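Engineer: Right, I'll just put the structure down here and ask away after.
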Amino acid sequence: MLAFFKKQFPDAVPLMPTLLEDFFTNPTGHLVTIRCRPWHVGGRACLLGDAAHAIVPFFGQGMNCAFEDCTIFNDCLAESGEQPDWEQVFQEFEARRKADADAIADMALDNYFEMRDRVADPKFGLKRDVEFALERHFPRRFIPRYSMVSFHRLPYAMAQQRGRIQDEILRELCGAIATVEELDWQRAEELVTTKLSEFSSEPEIEPRDPPLPG
């Protein structure tokens, strides 16, 4: 184990004099994703946050997602009147929130695989450069998925859906180029206009509060 650290992290080893002891004696935690349904038992109890939909930390959205649960739950409660039917409130909350909870769980896992497998690939770097170029050229029409999730008040499920479509656009645009300077802007305009047209009637994307640690 020590040989591995010396080879892979030579500058860090001198800073960790108790590396062997720490490595073998500290407990190993587990990262989990929870998907469950229903989130409530009649009108008696309702799950929110990690209790309903724990996610891995690779998007930094765990706490934000839980806070958004609270805002959606508060909306459902306010709409129920002065004498709420708690079972109806819980059902409505789950109906509004379940798809978004599943979406951020999926995207958090996607981010893990991206960081693990793709960031060292030159094609990934090109794709990222093109993504940022499209964002600058088509503001509010083409927004990177990470930005949609972290910096805009866009439902997670919609960010996931738009992200998949934008990934298709990026794959097509990057397929025959080696640098961002070779980008076919006419084709980019066509793809952004046609493939993202279904979102043109959505309300203007509102900035999200700065992300909190997941």
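Add 1 to the 1-based position in the sequence shown for my numbering, that's all there is to it.
The beta carbon of each residue, even a glycine, is placed where N, CA and C say it ideally should be.
A quick note: this is a predicted structure, and the numbers were derived from the prediction, not measured.
Given this structure, state the Cα-to-Cα distance separating residue 128 from residue 57, to the nearest angstrom.
Structural biologist: Distance between the alpha carbons of residue 128 and residue 57 is about 25 Å.
Engineer: Report yes or no: do the stretch 162-181 and the stretch 126-141 share at least 3 C-beta pairs separated by less than 8 Å?
Structural biologist: Because the criterion of three Cβ pairs below 8 Å is met, the stretch 162-181 and the stretch 126-141 touch.
Engineer: Using DSSP's beta-bridge definition, name the partner residues of residue 219.
Structural biologist: Any answer about residue 219 is impossible in this case: the structure gives the chain only from 2 up to 215.
Engineer: Nearest to residue 168 by alpha carbon, out of 193, 32, 14, 153?
Structural biologist: Measuring from the Cα of residue 168, the nearest candidate turns out to be 193.
Engineer: Identify the continuous alpha helix (DSSP H) that holds residue 63 and give its terminal residues.
Structural biologist: It spans 63-80 - the alpha helix (DSSP H) in which residue 63 sits, taken as one unbroken run.
Engineer: Give a yes or no on whether the C-beta atoms belonging to residue 120 and residue 171 are separated by under 7 Å.
Structural biologist: Not in contact: residue 120 and residue 171 (Cβ atoms no closer than 7 Å).
Engineer: Could you tell me the distance, in whole angstroms, from the CA atom of residue 103 to the CA atom of residue 62?
Structural biologist: Between residue 103 and residue 62, the C-alpha separation is close to 13 Å.
Engineer: Thinking just about the alpha-carbon of each residue, which of 114, 190, 147, 111 is nearest to the one in residue 135?
Structural biologist: When only C-alpha atoms are compared, the closest one is 190.
Engineer: Looking at residue 77: is its Cβ nearer than 7 Å to the Cβ of residue 93?
Structural biologist: In this structure, residue 93 lies closer than 7 Å to residue 77 by Cβ.
Engineer: Just verifying my parser: in three-state terms, what is the DSSP assignment at residue 4?
Structural biologist: Here residue 4 sits in helix by DSSP.
Engineer: Given a cut-off of 7 Å, decide if residue 60 and residue 1 are closer than it, judged by their beta-carbon atoms.
Structural biologist: Given a span of 2 to 215 for the chain in the structure shown, any question on residue 1 remains unanswerable.
Engineer: Between 80, 52, 82, 81, which has its C-alpha nearest residue 68's C-alpha?
Structural biologist: The candidate whose alpha carbon is nearest that of residue 68 is 52.
Engineer: Can you give me the C-alpha to C-alpha distance between residue 138 and residue 165, rounded to a whole angstrom?
Structural biologist: Rounded to the nearest angstrom, the two C-alpha atoms are 19 Å apart.
Engineer: Buried or exposed: where does residue 65 fall if 16 or more other Cβ atoms within 10 Å of its Cβ makes it buried?
Structural biologist: Classification for residue 65: buried.
Engineer: Distance check for residue 38 and residue 83, CA to CA, integer angstroms please.
Structural biologist: In a straight line, the C-alpha of residue 83 is about 28 Å away from that of residue 38.
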